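Student: For the sequence shown, this note's numbering begins at 228 and goes up steadily by one.
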Amino acid sequence: MAAFSSLLDILAEVPDPRRAEGKLYKLPHVLLFSILAIISGSNSYRGIVTFIDVHRRRLNRSFGLKWRRAPSHTAIRYILQGLDPGAVEAAFRRHAALLQAARTKPGTASIALDGKTLRGSFDRFHDRTAAHVLSAFATDTKLVLAHVEIGEKSSEIPAAQTLLAELGIAKDTLVTLDALHCQKKPSTSPRRATSASSSRSRTINRR
Numbered sequence: 228m229a230a231f232s233s234l235l236d237i238l239a240e241v242p243d244p245r246r247a248e249g250k251l252y253k254l255p256h257v258l259l260f261s262i263l264a265i266i267s268g269s270n271s272y273r274g275i276v277t278f279i280d281v282h283r284r285r286l287n288r289s290f291g292l293k294w295r296r297a298p299s300h301t302a303i304r305y306i307l308q309g310l311d312p313g314a315v316e317a318a319f320r321r322h323a324a325l326l327q328a329a330r331t332k333p334g335t336a337s338i339a340l341d342g343k344t345l346r347g348s349f350d351r352f353h354d355r356t357a358a359h360v361l362s363a364f365a366t367d368t369k370l371v372l373a374h375v376e377i378g379e380k381s382s383e384i385p386a387a388q389t390l391l392a393e394l395g396i397a398k399d400t401l402v403t404l405d406a407l408h409c410q411k412k413p414s415t416s417p418r419r420a421t422s423a424s425s426s427r428s429r430t431i432n433r434r
C-alpha cells in the first residue's frame, strides 16, 4: 500500500471544488477510488460508483474508512468536473517523480515523447476538435511522467521543448522523439543536446 499511500498524500494537495460544509467523503479518497475504478475498466460516473460499492468493504478496511455506501454519481461528476486540471496534472507528476526516483538506476534513464489523439474526445456540439496529447513515458520504469494537451493552433514541437524543460531531465537521460522534431532550432538550443535522426525517430542523448 506504500504507493497508494504516497499518492493519497499527494492528492490531498489538490484543491477541493466543493463548499466547506456537507463534505461526507474526503476528496483524496474519492479521487484515488475513481482512479482505481478507471484502471479497472470503469468509463462512466455510474461505473465509478459501482466499483466503489462492490469493493467498499475492502476499501474501508485498507484505508481505515467507514463508508456505508459510495458517493452518488452526481457527486462524483460534480467533484471530477470541478477539479483544476493543472493541479491534478501537478499531483500526478509529483507522484510519478517519486516512483521514478525510487526505481531508476544511475545511467539507465530513458524517456520517450509521443503524441496521441484521444479517442472519443471530438465534440461536435461545441465545435471542438479531438484532443491531442503529448506524453513523456519513462521506458526504463514504464511510468508516464507527464503529459500536456496540445492547442489547436500549436504543434508537438514547442510542447515537447516545454515538457522537457518542466521535467528537468538529468544530463545522462536518453530522450527519443518522432522525426517531426528534427529541426535545427531544437538541436542548437542552449541544452547542447547531440542528436542522431532517422526517417522514423530522433534520439537525444543528454550527456
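Beta carbons are placed, not taken as given, at the ideal position from N, Cα and C, and that holds for glycine.
The model shown is predicted, which means the values in this text are computed figures rather than measured ones.
#1: Excluding the 5 residues flanking Ser428 on each side, which residues of the same chain have their C-beta closer than 8 Å to its C-beta?
#2: Return the bridge partner residues of Gly395 from the DSSP annotation.
#3: Which residues share a DSSP beta bridge with Ala373?
#4: Of the choices Gly334, Ala264 and Lys343, whose alpha-carbon is the least far from that of Asp399?
#5: For Thr344, which residues does DSSP report across the bridge?
#6: Which of the three DSSP states is assigned to Val241 in this structure?
#7: What is the DSSP secondary structure of Ala336, reduced to helix, strand or coil?
#8: Flag Ile275 as yes if its beta-carbon sits less than 9 Å from any beta-carbon of chain D, otherwise no.
#9: Could you please give the first and the last residue of the uninterrupted alpha helix (DSSP H) stretch that includes Thr277?
#10: If you count every other CB in all the chains shown that lies within 10 Å of the CB of Ser425, and 16 or more means buried, which is it?
#11: What does the alpha-carbon distance come out to for the pair Thr189 and Thr366?
#12: Is the number of C-beta pairs between the region 313–332 and the region 367–374 that are closer than 8 Å three or more?
#13: Does the distance from the CB of Ala363 to the CB of Ile377 come in under 9 Å?
#14: Report yes or no: do three or more beta-carbon pairs, one from the region 323–339 and one from the region 238–246, lie closer than 8 Å?
#15: Near Ser261, what residues of its chain come up, given a Cβ to Cβ distance below 7 Å and the 5 sequence neighbours on each side ignored?
#16: Which value, in whole angstroms, describes the spacing of the CA atoms of Arg284 and Ser267?
#17: Taking the beta carbon of Thr389 as the centre, do at least 16 other beta carbons fall within 10 Å, making it buried, or is it exposed?
#18: May I ask you to report which of helix, strand or coil DSSP gives Pro312?
#19: Throw me the rounded Cβ distance for the His300 and Arg273 pair, which I believe falls under 8 Å.
#20: Give me the Cβ distance between Glu393 and Leu361, rounded to the nearest whole Å; I'm assuming they're in contact under 8 Å.
Tutor: So, to answer that:
#1: Low confidence applies to Ser428: its pLDDT is 43, below 50, so where it sits in the model is not reliable, and the reading given next is rough at best. Its chain contains Thr403, Leu404, Asp405 and Ala406 as the residues whose beta carbon lies nearer than 8 Å to that of Ser428, once the 5 sequence neighbours on both sides are disregarded; these appear in chain order.
#2: According to DSSP, which records beta bridges pairwise, Gly395 is partnered with nothing at all.
#3: Per DSSP, Ala363.
#4: Gly334
#5: His359
#6: The answer is coil: DSSP assigns Val241 none of H, G, I, E or B.
#7: coil
#8: You won't find chain D in this structure, because it holds only one protein chain.
#9: Its alpha helix (DSSP H) spans residues Tyr272 to Val281.
#10: Annotation note: pLDDT 37 at Ser425 (below 50); position unreliable, no value reported.
#11: Because the chain spans 228 through 434 in this model, residue 189 falls outside it and cannot be assessed.
#12: yes
#13: no
#14: no
#15: Ile275, Ile303 and Leu307
#16: CA-CA distance, Arg284 to Ser267, rounds to 17 Å.
#17: exposed
#18: helix
#19: 5 Å
#20: About 12 Å separates the two Cβ atoms, so there is no contact after all.
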